[in-house]
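Peer 1: Dropping the structure in here first, questions after.
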Amino acid sequence: MLTIANIAVFIHEMRLGDAQLLDFVNKYAVVPGSFMSGEVPFPGKFISLFTSMFMHADILHLAGNMWFLWIFGDAVEGALGRFRFLFLYVVFGITASLIHILSAPALAIPTLGASGALSGVMGAFLVMFPLSRVRMLFLLIIYPIFFEIHAIILLGLWIAWQISSVWHAPVSETLASGGIAWWAHIGGFAAGFLTALFSGKKNKVKKRK
Numbered sequence: 018m019l020t021i022a023n024i025a026v027f028i029h030e031m032r033l034g035d036a037q038l039l040d041f042v043n044k045y046a047v048v049p050g051s052f053m054s055g056e057v058p059f060p061g062k063f064i065s066l067f068t069s070m071f072m073h074a075d076i077l078h079l080a081g082n083m084w085f086l087w088i089f090g091d092a093v094e095g096a097l098g099r100f101r102f103l104f105l106y107v108v109f110g111i112t113a114s115l116i117h118i119l120s121a122p123a124l125a126i127p128t129l130g131a132s133g134a135l136s137g138v139m140g141a142f143l144v145m146f147p148l149s150r151v152r153m154l155f156l157l158i159i160y161p162i163f164f165e166i167h168a169i170i171l172l173g174l175w176i177a178w179q180i181s182s183v184w185h186a187p188v189s190e191t192l193a194s195g196g197i198a199w200w201a202h203i204g205g206f207a208a209g210f211l212t213a214l215f216s217g218k219k220n221k222v223k224k225r226k
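The opening position of the sequence shown corresponds to residue 18 in my numbering, with each subsequent residue numbered one higher.
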């Protein structure tokens, strides 16, 4: 359902002309400066916290996020149930956007994508399935190489990368160059991790691929 929603929104984006797409992004993506200044009236600014998590910059952005949703989302949804999973997915995404806004309250660059919500799913997965083995794909030029790694190692390295990256460049410079909203990832991951931790959600080891 989430995959279909993300793909549908992306198709809509691709059908818009340049001017229409710019208006669409400015209206439905999260722009911290506009959010904090009150430039966007209520309830529009809060609607963007929801709509932005279904928007993507390009096909690679979309494909990467949907790949992570496939890897980690199925097990977390199975543990939580479909409706609770959908509710928490949205909560994780909104939390990620709010953390991003607080990290750069004057930023005028639109931020969009499912990464914040998916970071929350990954944080929950780490608590629920820490010893599960995740099958990963690495492309060596044109040759696919599959390998497995424990979730606690993979996700531990991933969040460590996110945290270390916030010190490499100011948020404004990172996003201006087409980069990543690191604080959104950190905020979403923390929301998912803490939600699963305090809800006592733990499951048996499960192989993911």
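Each residue gets a CB set at the ideal place from its N, CA and C atoms; glycine is no exception.
Here the structure is a predicted model, which is why all the values come from computation and not from measurement.
Can you tell me which of A168, A198, S114, A121 puts its alpha carbon nearest to the alpha carbon of I64?
Peer 2: Out of A168, A198, S114, A121, S114 has the C-alpha closest to the C-alpha of I64.
Peer 1: Name the DSSP beta bridge partners of T20, please?
Peer 2: According to DSSP, T20 bridges with nothing at all.
Peer 1: What is the rounded straight-line gap between the Cα of S54 and the Cα of V108?
Peer 2: If you take the alpha carbons of S54 and V108, they lie about 23 Å apart.
Peer 1: For N23 and A80, I'd like the C-alpha separation in whole angstroms.
Peer 2: C-alpha separation (whole angstroms): 10 Å.
Peer 1: Measure the beta-carbon distance from L105 to T212 and round it to whole angstroms, keeping in mind my assumption that it falls under 8 Å.
Peer 2: Indeed they touch by this definition, with Cβ atoms about 6 Å apart.
Peer 1: Given G110, which residues of its chain have a CB within under 6 Å of its CB, disregarding the five upstream and five downstream residues?
Peer 2: Within the same chain, G110 has close Cβ partners M70, G133, A134.
Peer 1: From V151, I169, F85, Q37, pick the residue whose C-alpha is nearest to that of G130; which is it?
Peer 2: For the residues V151, I169, F85, Q37, the minimum Cα distance to G130 belongs to F85.
Peer 1: Would you please state the rounded distance, in angstroms, between the beta carbons of F146 and A177? I believe it to be under 8 Å.
Peer 2: About 19 Å; that fails the 8 Å criterion.
Peer 1: In three-state terms, what does DSSP make of E56?
Peer 2: The answer is coil: DSSP assigns E56 none of H, G, I, E or B.
Peer 1: Under a three-way DSSP split, which group does F142 fall into?
Peer 2: Three-state DSSP puts F142 in a helix.
Peer 1: Is DSSP giving M72 helix, strand or coil here?
Peer 2: Note: M72 maps to coil in three-state DSSP.
Peer 1: List the residues that DSSP assigns as beta-bridge partners of R101.
Peer 2: Per DSSP, none; premise fails for R101.
Peer 1: Flag this pair as touching only if the stretch 33-40 and the stretch 93-102 have three or more C-beta atom pairs under 8 Å; answer yes or no.
Peer 2: Too few Cβ pairs lie closer than 8 Å, so no.
Peer 1: Would you mind sorting G173 into buried or exposed? The rule is 16 or more other CB atoms within 10 Å of its CB.
Peer 2: G173 should be labelled exposed.
Peer 1: Identify the residues that DSSP records as bridge partners of M31: which are they?
Peer 2: Answer by DSSP bridge pairing: none, since M31 is not bridged.
Peer 1: Which class does V151 belong to by DSSP, given the choice of helix, strand or coil?
Peer 2: The answer is strand: DSSP assigns V151 an E or B state.
Peer 1: Classify A193 as buried or exposed, calling it buried when 16 or more other Cβ atoms lie within 10 Å of its own Cβ.
Peer 2: Per-residue confidence for A193 stands at a pLDDT of 47, beneath the threshold of 50, marking its modelled position as unreliable; the derived number appears in the next sentence. Exposed is the call here.
Peer 1: Give me the Cα-Cα distance between L143 and S181, rounded to the nearest whole angstrom.
Peer 2: Approximately 19 Å, taken between the alpha carbons.
Peer 1: Tell me, which residues are paired with H167 by DSSP?
Peer 2: Paired residue(s): R150.
Peer 1: Could you give the first and the last residue of the continuous alpha helix (DSSP H) run that contains W200?
Peer 2: Element bounds for W200: 199-216.
Peer 1: Assuming S136 contacts F206 under a Cβ cut-off of 8 Å, what Cβ separation, rounded to an integer in Å, is found between them?
Peer 2: At roughly 4 Å, the Cβ-Cβ gap stays under 8 Å, so S136 and F206 are in contact.
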